[in-house]
Each structure stands twice: as structure tokens, then as C-alpha cells.
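Numbering (this note's numbering), first residue to last: 20 to 221. Here a beta-carbon is modelled for each residue, glycine too, at the ideal position from N, C-alpha and C. Everything numeric in this text was worked out from a predicted model, so none of it was measured.
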């Protein structure tokens, strides 16, 4: 029997809208969006940012070294980084419905430490509803490393077979399944909600 619902955050409960942020919020040209994406967002450097093993200022310095022609743009990118995410309209309501139905809800997310604190304060309207959270930047480990899943299970005394995990990356779902959880690859609320409801009825 499923008792616990575990959500990723980025592109599940909140849009990681980095391309629109760069193009429209910051007003940078298409070339800057392409370069930022290729050289440090969809890149191992952002994975290091998520992991929290280095200070944010060191990561920023590396980004500036990677794109020295856009040093000023990197500064503004981080000064306004609160706007790089937007919580989906359904997120709080969905979690609230699950809680009202008697399920416990947890977060398991790869997220930079200081950025998570900022977004939790300014953007996320759902974190006060959850029963617990494990965020990579605070733990210095990240999905799909099995250790961060086990940390969630151990910290909140959860049984893997009583958990279903929703994430937008198949590799992260695969690890959850190997550890005994059920998994839903999140491709959108309209698809994920009925899949979750079906699992909960089984």
C-alpha cells in the first residue's frame, strides 16, 4: 500500500524556466541564451551547483571564466535568479488534496542550497504543506545517486515499497524503482495525476 508521495521540484512542482528567464526577463539575445545553456546550465557545472560541494561564489567565478565575454550578464543572471522558477498553479492544490486523503508528502530534489532558500521564501507556496524534504545542495549528494534516496527513507523512516516517486528524468525514476519504490516519469500534470491516482487505488 502506498502511504507516501515523493515529488521532485524542478519541472514537476515548479517550472525551471531558464530559457525564458534569459530571453525575456533579462532581455538577453538568443546567442547569450544558447551559450549560457551549453556552457553551464545544461552542463556538469550546473550539476556541481546542485550538489553544493562548492561555494556559490566559486561556481559564479567558473561561469565567468567559461564565458568571459559575458561576465556582466552572468552577474545579473545571479542577481535576479529568484525569477528563474515559477511554481505551477496546480502544485499547492495537488499536495493539499493528497494530504487531505491521508498521504504523507515529501520532496526529493536536486537544487543549489542558497537558491533553494531564496525560492522557498519567494516562490514556493507548497513547502509548508510537506512532511519532509531532502535537497541535494544541503546534503552534498544528488540524484540519481542511491544514497540520497536512502537518506530520505532513513530520515523519515519510510518504507520504499510504500512510496511513489514523481520526477521528470527517467534516470532518477530508475534509481527509485531499483530501491523498491514505484515511479512516475513526469511529463505534465494532466498525465501524471491520473497515473498517480491509478497507483493509489491499487
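Under the three-state DSSP convention, the category residue i falls into
{"i": "residue 60", "result": "helix"}
{"i": "residue 22", "result": "coil"}
{"i": "residue 27", "result": "coil"}
{"i": "residue 75", "result": "helix"}
{"i": "residue 10", "result": "This structure cannot speak to residue 10, because the chain is shown only from 20 to 221."}
{"i": "residue 96", "result": "helix"}
{"i": "residue 115", "result": "helix"}
{"i": "residue 110", "result": "helix"}
{"i": "residue 221", "result": "coil"}
{"i": "residue 162", "result": "coil"}
{"i": "residue 144", "result": "coil"}
{"i": "residue 178", "result": "coil"}
Proximity below 8 Å, CB of residue i to CB of residue j
{"i": "residue 200", "j": "residue 182", "result": "yes"}
{"i": "residue 106", "j": "residue 145", "result": "yes"}
{"i": "residue 137", "j": "residue 115", "result": "no"}
{"i": "residue 31", "j": "residue 185", "result": "yes"}
{"i": "residue 122", "j": "residue 23", "result": "yes"}
{"i": "residue 163", "j": "residue 193", "result": "yes"}
{"i": "residue 99", "j": "residue 45", "result": "yes"}
{"i": "residue 52", "j": "residue 36", "result": "no"}
{"i": "residue 97", "j": "residue 132", "result": "no"}
{"i": "residue 110", "j": "residue 128", "result": "no"}
Residues sharing a beta bridge with residue i, DSSP
{"i": "residue 128", "result": "154"}
{"i": "residue 215", "result": "None, per the DSSP bridge assignment."}
{"i": "residue 202", "result": "184"}
Status (buried if at least 16 other CB within 10 Å, exposed otherwise) for residue i
{"i": "residue 95", "result": "exposed"}
{"i": "residue 15", "result": "Because residue 15 is not part of the residues shown, which for the chain are 20 to 221, the question remains open."}
{"i": "residue 196", "result": "exposed"}
{"i": "residue 120", "result": "exposed"}
{"i": "residue 66", "result": "exposed"}
{"i": "residue 89", "result": "buried"}
{"i": "residue 20", "result": "exposed"}
{"i": "residue 207", "result": "exposed"}
{"i": "residue 33", "result": "buried"}
Span of the alpha helix (DSSP H) around residue i
{"i": "residue 33", "result": "Segment 33-35 is the beta strand (DSSP E) holding residue 33; no alpha helix (DSSP H) there."}
{"i": "residue 195", "result": "189-197"}
{"i": "residue 55", "result": "49-55"}
Residue i - containing beta strand (DSSP E), residue span
{"i": "residue 106", "result": "104-106"}
{"i": "residue 170", "result": "Element bounds for residue 170: not the beta strand (DSSP E) but the alpha helix (DSSP H), 165-174."}
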